[in-house]
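Numbering (UniProt numbering), first residue to last: 1 to 328. Glycine included, every Cβ here is placed at the ideal spot set by N, Cα and C. Structure first, commentary second.
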């Protein structure tokens, strides 16, 4: 089977903006799965990340880098963005001299599909959709879940917001970076982000519970691996207890095995949880955990043990221990 054929990806020019922790492996998987004759052009503000991507990504032919989003839009038929926050997305799309919309051609000449994978607020995503569609191009919100390991393995869950027609159009593209069974059409524009925010909120609440439980076990003197074995065949089982246990040595390949380096940072987690709670307010959803969740996140975001680390480092904050003490 020819490269790219399994994913039904057309022989076009692809652009990827944002090769950070998540975007780097996502773009690598895209390069592997698009037709070998297709071009992939990346754009990233961090030059060392660009150099690393160009040298390490296979196959490394038909890969180049653009210095601005404008250049991406001038050359690419499909553009994927994976950026940290809403203001970054806004700037990439709308900057008056370097933005994607400045570089986009007349849609009658070449229509671009924009697949926006960042986890941002719904309002910014809707604004980008309005601007893109007004210019005659296509836009979907397509945030991802599965963390760094999922991005590397190409098993991400991808939640897509947009019309049924747009979903069917981008599905093969999503399958090139995610798990085929985990590509979801969540509803209208913005629905992918709403789904993502709700999932992240639940994931953090789950992590808080796991952290409290395993600290309780630590203080009592329980073996954390034995505790995890019981929990994971009982009613307390969840993703964070079984796949991302915060005690080092309990779960292979968990973020604690990297001393919580990389992954979904506590700062990004705080931002997404805040967005989810704002969404809850907008729709009138009751939240009995709101204050406890926000207060704990604010404290952890200022804790040197958690700053810049994967959000599961919240365990160090709750247990009040150093990473060097966090092991079986």
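At least 7 Å separates the beta-carbon of residue 216 from that of residue 240. Nearest to residue 110 by C-alpha distance, out of 79, 227, 188, 18, is 79. The region 272-279 makes no contact with the region 249-259, as fewer than three CB pairs between them are under 8 Å.
When the five nearest sequence neighbours on each side are left out, the beta carbons in the same chain lying within less than 7 Å of the beta carbon of residue 133 are those of 139, in order along the chain.
The beta carbons of residue 82 and residue 162 sit no closer together than 7 Å.
Annotation for residue 155: 146, 178, 179 place their beta carbon closer than 7 Å to its own, counting only its chain and skipping 5 residues before and after.
Linking residue 246 to residue 198 through their CA atoms gives a straight-line distance of about 22 Å.
Going by DSSP, residue 95 is part of no alpha helix (DSSP H) at all; its letter is neither H nor E. Distance from the Cα of residue 296 is smallest, within the candidate group 280, 316, 278, for 316. Note on the region 241-305: whole alpha helix (DSSP H) runs with a minimum of 4 residues are 266-283, 290-301, in chain order. Nearest C-alpha to residue 30 among 48, 44, 9: 9. Residue environment: residue 310 is assigned as buried (16 or more neighbouring CB atoms within 10 Å of its CB, all protein chains considered). Linking residue 112 to residue 303 through their CA atoms gives a straight-line distance of about 43 Å. In terms of Cα proximity to residue 278, the closest of 308, 322, 194 is 194. Two segments are said to touch when three or more pairs of C-beta atoms, one from each, lie closer than 8 Å; by this definition the region 99-107 touches the region 121-136. Under DSSP, residue 116 takes part in a beta bridge, and its partners are 81, 141.
Excluding its 5 nearest sequence neighbours in each direction, residue 242 has C-beta neighbours in its own chain below 6 Å: 232, listed in chain order.
Excluding five sequence positions before and after residue 192, the CB atoms of its chain that fall closer than 7 Å to its own CB belong to 141, 142, 143, 159, 160, 161, 186, given in chain order. For residue 15, the enclosing beta strand (DSSP E) begins and ends at 13-17. If you ignore the 5 residues before and after residue 196, its C-beta comes within less than 7 Å of the C-beta of 119, 143, 145, 159, all in its own chain and listed in chain order.
Rounded to the nearest angstrom, the gap between the Cα atoms of residue 168 and residue 22 is 24 Å.
The C-alpha of residue 227 is placed about 11 Å away from the C-alpha of residue 234. Distance from the CA atom of residue 225 to the CA atom of residue 72, rounded to whole angstroms, is 49 Å.
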